[in-house]
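**Q**
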Amino acid sequence: MASILNIAIFLPLVGAFIVSLFRNEWLTKVVSIAISGVVFALSVILLVNFNPNTHHFLYRTTVPWISSLGINYDVGLDGLGVSLFTLTALIFFTVFIWAIKVKEKPTLFYALFLILETTCLGTFSALDLFLFYLFWEGMLVPMYFIIGFWGHDRKIYAANKFFIYTFFGSLFLLLGLATMIVYGYFISGHISFEYDFHRHIAYPIWLQIILFVLFGIGFAVKVPMWPVHTWLPDAHVEAPTAGSVVLAGVLLKMGTFGFVRYSLPLFPQASKIFIPVMFVLSIIAIIYAAMMAISQTNIKKLIAYSSISHMGMVTLGTFALSVSAINGASYMMIAHGLSSAALFYAAGFIYDRFHSYEMSDLGGIAKYLPNFAILFMISGLASIGLPGFSGFVSEFLILLGTFKYFPMWAIVAGVGMVLGAAYFLYMYKNVMLESASLPESKIQKLQHTMDLELHHIISFVLILFGAFIMGIMPYNFVNIVSQTSKLILGRF
Amino acid sequence: MKALYPDIITTVGIIFLIILELFLPSFDLIGFLGFSISFVSGVLAIKYSLAGYRFNEWLLDINVFSLLLKGVIYILTSFVIFSSVSFFKSKKTFVENVYTFLLISLGLSIMVSSKNLAVILAGLELASISMYISVGMLRDDYISKEASFKYLVLGSMATAFFGIGSAFYIGATSHLDIISVSVNHNSAFALASLFLFVAFALKVSAAPFHFWTPDAYEGAPTSTTAFISTVPKIGFYAVIFLLASYIFPVTNNFSYIVGIVGVISMFWGNLVAYAQNSAKRMLAYSSIGHAGYFLIGFSRYNPLSVSSTIFYVIVYAFATAGAFLVLSILEKNQSWNHDMNNYRALYRKSPFLATALALFLFALIGIPPFATFIGKLGIFLGLVNSNAWFFAILFVIGSIIAAGYYLKLIVYMFFKEPITNDNVSLSLNLFDTIGISAFLIIVFFFGIFPNVLFDIILRDMFHG
């Protein structure tokens, strides 16, 4: 089984080599879809075979790599890891299908996404801090070019802002890693980048605080938490559809994953001290981003702000430090990955057909594109947490877990979720309904617009089916992540 | 005795080339011979380094570490010669260029093989004087001559500082060798440290001693810039490493002077780079910024930070040389003056060159999986190990600032539309492709397997 994991991680990279070697458009698309399909199948095998009764890392491979610095090639998955791994594989699979009609530089487009897939999968499975950082930073360059090449009007600004912000965060993360390694060296006498080695070290409280802050800056930029969130709306609006989907569906999860995998178990005391700070930042993110979303007229920006709001819920749940809240946070990473991907597909579809994200240019679409209207509605309802979809389970678990120790915070966060329903329905009304006041020219245009094509439908259905399954069978999935949560809380 | 072979081969080779050039002034022939001599010396040096040879007689002190540095110096020289011959041909410079490069590398190689100040000075001057000459090689070009003169004046100042520093050093210790001495609170010794440090700060173009750098780098033929901005750095930082091991720690708080010069250099270089419209000048300021990183790395003496800094210097040299060589290939194209606007949509004109330059720039930013990232990580580890938190945080901020201007060039190459649709096709011959690829492979390889280099550095560095 361990070899399946390694194959799944590096197959896309091999694909990128093949693709850039042959530079044939048709071959590129077939190879990319086939490879991402295989990776998705492998990830499902890993998920199905996952033993939820152990808190050890499964499918583990450890190979010595840079021995003089104590660095190994070390990968493995725990419950959270395998869930995010499967999510990543699914989202990339749908992205490759969705983008099949990309016209501009298709080979480069697919090659960059294949590289990106390897780095994302690697980030979620790396158990060596050096390897983790390698994958974590590795996504920077492909994503930069994806935004810069295929983005919209202000793509250069958005790409640079994305790069600088993320680089800023990751250098602090790197400094934190260095500090941790050096401390490990002081007390044990040898340099080691191994995750398990550091998990068993009890850091003194002052060092935990320093490390928590350094790691926290790195993760917070990626989540993104309020006040370092400003790169996200720009990056999302300017990125091409596929880029936005990967950004919202996978890359944002790296930050929250970092908090759960690294910050909580490695620095438990500092995490406790920082609970109020994290709560305040999360609540600000939830309420402020929801308010910002309501005031947007650009639908993609609206969805981007809704992502910030949802990620606020994840950080809130993470730091509520009860099993069900962390379960909920992990669940929400997946749920939001799926629902935001679907929403960005919807926004991308609208842009493909009408060449605008502005609500004032749109309206009355539902009457003429019924299939799209249905799937868009389902995506939105999944996002705002309708029972039956994964979003509901996650919100429920987070609020339940938070309410146990911090009732006031839970109530405030609940209000934020109500706002979520408000902005989505408001957007849906403006974009899809309101057909009465449309001018004749627009109706003409709408009548000649094609509804969803097959590749759109496949992507939508795969994603929404995932959200649906997770919504009606929550127990199986919660079971997988709950060992991770229990293990983390065992440190407190 | 075998440890001397690489230098002997180079010396004999240079004499042979000088004589041969009188009869057969052909770029291809001399270039090929120069490449071969340098490459063979480099491979031999690395081989002897791995085999653990050493030579400790006369005034020399050659150990595994200095053999490694020699190997890197010669191999980098051979790579630069390999990739620059066609450039020199297109610019109609003198054939002498080839063996001035060899002379510079010989001087540097002598410099790293001794702890004796007199021998270091001899090597330093051999390298420096050859460098002044090679900067001024474009004899019809006013800027090149001006650059050469400016370099000569400021370079001689460095020599003067080195001389005064050595004098004070002898006065304080009655030694000419750089060895561990215990002369606490000796002001003559402190002055000696200061002067020696300033001499090398001038040579590696650390702010505020950097004023010659942008002009010299811009004025020199671009291939020469690729050479003088990288190969000599390895030698100079090796001497700074010696100073950091034996001389700086003696005087109290001297490490702060080194660190502060590093910080000033880092911020000055990285901020002023934003104001540049010429890619060549921008890279010159980037090297001032990097001088800052390296001095910060040398400011605290512990195995981790010092060895990582040496590692960083070596891989940085390859990345920078690669970037300048891409520039030199572009310059063969007429009407190319390195203004940023020239780089608009380079991606469409030459995907290979644009991608290669972008990768070198990402390497200079310090992103994994490029080797420079390992250097950065190592310096972080070292600084934290010495509790130099202040410097570590400043280092982080400086690196973030630096990312912006490298991105600026990448943006011009990939995302900006060209002003005119001239559609000049860029000539790219096989040698250029091989040369650039070699640099790329090295920068990648040491990023994935840094231990290959690290192990040799660490093996003898601290007991050589």
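Quick note, the sequences are listed as chains A and B, same order. Positions in the first sequence are counted from 1; adding 386 to them yields the numbering used here. Positions in the second sequence are counted from 1; adding 141 to them yields the numbering used here. C-beta: ideal position from N, C-alpha, C; glycine also.
What's the gap between the Cα of A/LEU413 and the Cα of A/VAL405?
**A** The count along the first sequence starts at 1 and reaches residue 413 of chain A at position 27. The count along the first sequence starts at 1 and reaches residue 405 of chain A at position 19. Taking the straight line joining both Cα atoms gives about 8 Å.
**Q** Looking only at its chain, what residues have a beta carbon closer than 7 Å to the beta carbon of A/VAL424, apart from the 5 residues adjacent to it on each side?
**A** Numbered from its first residue, the first sequence carries residue 424 of chain A at position 38. Same-chain partners within the cutoff: LEU397.
**Q** Closer than 7 Å between beta carbons: that is the criterion. Which residues of the region 545–566 of chain A meet it against chain B?
**A** ASN546, PHE549, ILE550, PHE553, PHE554, LEU557, PHE558, LEU560, LEU561, ALA564, THR565
**Q** Taking B/GLY545 as the query, report the chain A residues whose CB atoms sit under 8 Å from its CB, ordered along the chain.
**A** As a position in the second sequence, residue 545 of chain B is number 404, starting the count at 1. Within 8 Å of the CB of B/GLY545, the CB atoms of chain A belong to ASN546, ILE550, in sequence order along the chain.
**Q** Compute the Euclidean distance between the alpha carbons of B/HIS431 and B/VAL454, then round it to the nearest angstrom.
**A** Position 290 of the second sequence, counted from the first residue, corresponds to residue 431 of chain B. Position 313 of the second sequence, counted from the first residue, corresponds to residue 454 of chain B. Roughly 9 Å between the two C-alpha positions.
**Q** Given that a residue counts as buried once 16 or more other Cβ atoms are within 10 Å of its Cβ, and exposed if not, what is A/TYR861?
**A** Stepping through the first sequence from its first residue, residue 861 of chain A is reached at position 475. Burial call: exposed.
**Q** Going straight from the alpha carbon of B/LYS230 to that of B/PHE168, what length do you get?
**A** Taking the second sequence and counting its residues from 1, the one referred to as residue 230 of chain B is at position 89. Taking the second sequence and counting its residues from 1, the one referred to as residue 168 of chain B is at position 27. Those two C-alpha atoms are separated by around 7 Å.
**Q** Going straight from the alpha carbon of A/ILE844 to that of A/LEU391, what length do you get?
**A** Within the first sequence, numbered from 1, the residue matching residue 844 of chain A stands at position 458. Within the first sequence, numbered from 1, the residue matching residue 391 of chain A stands at position 5. Taking the straight line from one Cα to the other gives about 26 Å.
**Q** Taking the alpha helix (DSSP H) that B/LEU422 falls in, what are its first and last residues?
**A** Reading the second sequence from its first residue, position 281 is the one you call residue 422 of chain B. In the sequence on display, residue 422 of chain B carries Arg and not Leu. Start and end: 420–440.
**Q** So is A/ARG409 buried or exposed if we call it buried at 16+ other beta carbons inside 10 Å?
**A** Locating residue 409 of chain A in the first sequence gives position 23, counting from the first residue. A/ARG409 is exposed by the Cβ-count criterion.
**Q** How about the region 658–677 of chain A and the region 818–834 of chain A: do they share at least three Cβ pairs that are nearer than 8 Å?
**A** no
**Q** Looking at C-beta atoms only, is the number of pairs between the region 554–563 of chain A and the region 531–538 of chain B that lie closer than 8 Å three or more?
**A** A contact exists between the region 554–563 of chain A and the region 531–538 of chain B.
**Q** Please report how far the alpha carbon of B/GLY605 lies from the alpha carbon of B/SER328, in whole angstroms.
**A** Indexing the second sequence from 1 puts residue 605 of chain B at position 464. Indexing the second sequence from 1 puts residue 328 of chain B at position 187. The predicted model places B/GLY605 with a pLDDT of 44, which falls under 50 and marks its position as unreliable, so this point remains unresolved.
**Q** What's the gap between the Cα of B/ALA414 and the Cα of B/SER427?
**A** The count along the second sequence starts at 1 and reaches residue 414 of chain B at position 273. The count along the second sequence starts at 1 and reaches residue 427 of chain B at position 286. Each residue's Cα considered, the two are about 7 Å apart.
**Q** B/SER540 CB to nearest chain A CB: under 8 Å?
**A** Counting from one through the second sequence, the residue named residue 540 of chain B turns up at place 399. It does: the Cβ of B/SER540 has a partner Cβ on chain A nearer than 8 Å.
**Q** Tell whether a beta-carbon distance below 8 Å holds between A/LEU724 and A/ALA588.
**A** Here residue 724 of chain A refers to the residue found at position 338 when the first sequence is read from its first residue. Here residue 588 of chain A refers to the residue found at position 202 when the first sequence is read from its first residue. Their beta carbons are not under 8 Å apart, which means A/LEU724 does not touch A/ALA588 by this criterion.
**Q** Can you list, in chain order, the residues of its chain whose CB lies under 6 Å from that of B/LEU295, leaving out five sequence neighbours each side?
**A** Taking the second sequence and counting its residues from 1, the one referred to as residue 295 of chain B is at position 154. If we look at B/LEU295 and ignore the five residues flanking it on each side, its Cβ neighbours are TRP353.
**Q** Could you check the C-alpha separation between A/LEU875 and A/LEU526 for me, to the nearest Å?
**A** Along the first sequence, one-based indexing puts residue 875 of chain A at 489. Along the first sequence, one-based indexing puts residue 526 of chain A at 140. In a straight line, the C-alpha of A/LEU875 is about 32 Å away from that of A/LEU526.
**Q** Select from B/ASN257, B/PHE532, B/GLY507 the residue whose C-alpha is nearest the C-alpha of B/ASP202.
**A** Here residue 202 of chain B corresponds to residue number 61 of the second sequence, with the count starting at 1. When only C-alpha atoms are compared, the closest one is B/ASN257.
**Q** What residues in the region 566–592 of chain B bring their beta carbon closer than 8 Å to a beta carbon of chain A?
**A** Per Cβ criterion, the list reads PHE590, PRO591, ASN592.
**Q** Quick one: is A/TYR581 buried, meaning 16 or more other Cβ sit within 10 Å of its Cβ, or exposed?
**A** Here residue 581 of chain A corresponds to residue number 195 of the first sequence, with the count starting at 1. By the 10 Å Cβ count, A/TYR581 comes out buried.
**Q** Kindly indicate the opening and closing residues of the beta strand (DSSP E) around A/VAL461.
**A** What you label residue 461 of chain A is simply residue 75 of the first sequence in a count that begins at 1. Taken as a continuous stretch (DSSP letters only), the beta strand (DSSP E) holding A/VAL461 covers 457–463.
**Q** Hey, does A/GLU503 have any beta-carbon neighbour from chain B nearer than 8 Å?
**A** Counted from its first residue, the first sequence places residue 503 of chain A at position 117. False, the Cβ-Cβ gap to chain B never drops below 8 Å.
**Q** Look up B/VAL380 in the DSSP assignment and say whether it is helix, strand or coil.
**A** For this step, residue 380 of chain B is matched to residue 239 along the second sequence. Reduced to three states, the DSSP call for B/VAL380 is helix.
**Q** Who pairs with B/ILE203 in a beta bridge, going by DSSP?
**A** What you label residue 203 of chain B is simply residue 62 of the second sequence in a count that begins at 1. Looking at the DSSP assignment, B/ILE203 forms a beta bridge with B/PHE196.
**Q** Report yes if the C-beta distance between B/SER219 and B/GLY183 is below 8 Å; otherwise report no.
**A** Position 78 of the second sequence holds residue 219 of chain B. Position 42 of the second sequence holds residue 183 of chain B. It is a contact, given that the beta carbons lie within the stated cut-off.
**Q** Quick one: is A/GLY524 near chain B, going by C-beta distance under 8 Å?
**A** As a first step, residue 524 of chain A must be located in the first sequence, where it is residue number 138. Yes, contact with chain B.
**Q** Can you tell which of B/GLY172, B/VAL552, B/PHE176, B/TYR189 has its C-alpha closest to the C-alpha of B/ALA144?
**A** Within the second sequence, numbered from 1, the residue matching residue 144 of chain B stands at position 3. Here the closest residue by C-alpha is B/TYR189.
**Q** Are the CB atoms of B/ALA263 and B/ILE245 within a distance shorter than 8 Å?
**A** Start at 1 with the first residue of the second sequence, and residue 245 of chain B comes out as number 104. Start at 1 with the first residue of the second sequence, and residue 263 of chain B comes out as number 122. No, these two residues do not count as a Cβ contact at 8 Å.
**Q** Step through the CB atoms of chain E and report whether any lies within less than 8 Å of the CB of B/PRO444.
**A** As a matter of chain content, chain E is missing from the structure shown, whose protein chains are A and B.
**Q** Between B/PHE503 and chain A, is the shortest Cβ-Cβ distance under 8 Å, so that the two count as touching?
**A** Mapped onto the second sequence, residue 503 of chain B falls at position 362. Put simply, the CB of B/PHE503 is near chain A, with a gap under 8 Å to one of its CB atoms.
**Q** Given this structure, state the Cα-to-Cα distance separating A/LYS658 from B/ALA499, to the nearest angstrom.
**A** As a first step, residue 658 of chain A must be located in the first sequence, where it is residue number 272. As a first step, residue 499 of chain B must be located in the second sequence, where it is residue number 358. Rounded to the nearest angstrom, the two C-alpha atoms are 43 Å apart.
**Q** Whole angstroms is fine: what's the gap from B/GLY516's alpha carbon to B/PRO591's?
**A** As a first step, residue 516 of chain B must be located in the second sequence, where it is residue number 375. As a first step, residue 591 of chain B must be located in the second sequence, where it is residue number 450. Cα to Cα, the separation comes out at about 9 Å.
**Q** So what's B/SER476 in DSSP terms, helix, strand or just coil?
**A** Walking along the second sequence from the start, residue 476 of chain B turns up at place 335. If DSSP states are grouped into helix, strand and coil, B/SER476 belongs with coil.
**Q** Who are the near neighbours of A/LEU922 in its chain, counting only those whose CB is closer than 7 Å to its CB and skipping five residues on each side?
**A** The question about residue 922 of chain A has no answer here: the residues shown for chain A are numbered 387 through 878.
**Q** If we ignore side chains and look at the alpha-carbon of each, how far apart do B/PHE196 and A/LEU650 end up?
**A** By 1-based counting over the second sequence, the position of residue 196 of chain B is 55. By 1-based counting over the first sequence, the position of residue 650 of chain A is 264. When the Cα atoms are used, B/PHE196 and A/LEU650 turn out to be separated by approximately 54 Å.
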